[in-house]
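Here the structure is laid out as structure tokens; the discussion comes afterwards.
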Amino acid sequence: MPEPIQPARGSAAASIASVASLIAALSCCLPLGTLLMAAGSVGASVFSEYLRPWLLAFSAASLVFAFVQTYVRRRCDFRHRRTRTVLLWFSAAMVVTMLASPAWFTGLLAGRLPSWSNSGELIAFDAASFARDFNAASGETRLVVLLSPT
Amino acid sequence: MFIVWEPVLATDWGSPSRSLPGFVADPRARHYWDPDRRLSAEFGGVGALDRLAGARSVGFRMKDVIWDIAVVYPPGLIWGQPGTALFAPVVKFREQLAASF
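Chains as they are written, first to last, in this note's numbering: chain A, 96 to 245; chain B, 10 to 110.
Set out below in structure tokens:
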């Protein structure tokens, strides 16, 4: 008599863990939109700065585990359960997108994508020219901001 | 407004996207990419944070790089002089920044 098919709790849990850890890893950028700035947050500073690499690694590991459970070991009926399969691939898409384009993805999660118009040019930092630019604007209030892209 | 982007977090690997300035799409902003975090070093590193501005509101502990900060410099100050106010993290003090800039 064949063994009964076991529910794929491990796979589903891994998918959820992957999503959860990914969101946690990105929590530094939530919320991203501000009047002046759009990067960093309290979460980034006190939490994810140190944990982020581990959370991302955990996301990837959870995803690998879920895929192995689903498509390699094939001990369960996971593949036939649409919701779980969708969740797995959704998780995979999120993790891959995050790793491929973290700035864009964190902006998306924060509900703010970069403005393509009037976005300005990215200048290679040079201390001397920076100081020159700064002093050239000495007639007005200046704001110097240091930010992480993600 | 001088926006200096620098890699700090694990996800900051690689070259920055050309859309990066778009996250602060203020026409007054000049955007710089500082891959070697030279501005942080020029500021004197985290240990010199107290000397960067007269008033400081710092809501988190930086490890080894100055980041997620905004320093306000009123008219007349030249580069190298301390600013009047420093805020970190930026998002937490956006209202104060908006009022001072």
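Ideal Cβ placement from N, Cα and C applies to all residues, glycine included.
7 Å Cβ cut-off: residues of chain B touching residue i
i	result
phenylalanine 229 of chain A	Phe11, Trp88
threonine 245 of chain A	Leu18, Thr20, Asp21
Residue i versus residue j - alpha carbon distance
i	j	result
arginine 65 of chain B	serine 233 of chain A	22 Å
glycine 85 of chain B	glycine 63 of chain B	15 Å
tryptophan 39 of chain B	leucine 194 of chain A	According to the sequence shown, residue 39 of chain B is arginine rather than tryptophan. In a straight line, the C-alpha of arginine 39 of chain B is about 27 Å away from that of leucine 194 of chain A.
glycine 31 of chain B	tryptophan 184 of chain A	30 Å
valine 33 of chain B	leucine 61 of chain B	23 Å
threonine 236 of chain A	methionine 189 of chain A	41 Å
tryptophan 22 of chain B	serine 109 of chain B	33 Å
leucine 107 of chain B	alanine 187 of chain A	First, the amino acid is wrong: residue 107 of chain B is alanine here, not leucine. Their backbone Cα atoms lie some 39 Å apart in a straight line.
alanine 156 of chain A	phenylalanine 69 of chain B	30 Å
serine 28 of chain B	isoleucine 218 of chain A	13 Å
asparagine 230 of chain A	arginine 147 of chain A	37 Å
valine 163 of chain A	leucine 18 of chain B	30 Å
arginine 46 of chain B	valine 74 of chain B	8 Å
valine 67 of chain B	leucine 95 of chain B	8 Å
tryptophan 76 of chain B	proline 244 of chain A	11 Å
As assigned by DSSP and simplified to three states, the class of residue i
i	result
glycine 135 of chain A	Confidence at glycine 135 of chain A is low in this model, with a pLDDT of 35, below 50, so the placement of that residue is unreliable and no value is reported for it.
tryptophan 76 of chain B	coil
glycine 54 of chain B	coil
arginine 103 of chain B	helix
glycine 31 of chain B	helix
phenylalanine 200 of chain A	helix
arginine 65 of chain B	strand
arginine 147 of chain A	helix
alanine 195 of chain A	helix
tryptophan 22 of chain B	coil
Interface flag, residue i vs chain B, CB-CB below 8 Å
i	result
tryptophan 184 of chain A	no
serine 233 of chain A	yes
valine 239 of chain A	yes
alanine 187 of chain A	no
alanine 161 of chain A	no
arginine 147 of chain A	yes
Beta carbon proximity, residue i to chain A, threshold 8 Å
i	result
serine 66 of chain B	no
proline 73 of chain B	The question names proline, but residue 73 of chain B in the sequence shown is aspartate. No, because no Cβ of chain A sits closer than 8 Å to the Cβ of aspartate 73 of chain B.
proline 30 of chain B	yes
alanine 108 of chain B	no
Chain-ordered chain B contacts of residue i [CB-CB under 8 Å]
i	result
leucine 217 of chain A	Trp14, Pro25, Arg27, Leu29, Pro30, His40, Tyr41, Trp42
threonine 236 of chain A	Val81, Tyr82, Pro83, Pro84, Ser109, Phe110
leucine 158 of chain A	Here the premise fails: no neighbours, minimum Cβ distance about 16 Å.
alanine 155 of chain A	Within 8 Å Cβ-Cβ: nothing; alanine 155 of chain A doesn't reach chain B, min ~12 Å.
Review point. Which of the residues in the region 37-64 of chain B, read from start to end, lie with their CB under 7 Å from any CB of chain A?
Key: Ala38, Arg39, His40, Tyr41, Trp42, Asp43, Arg47, Leu48, Ser49, Glu51
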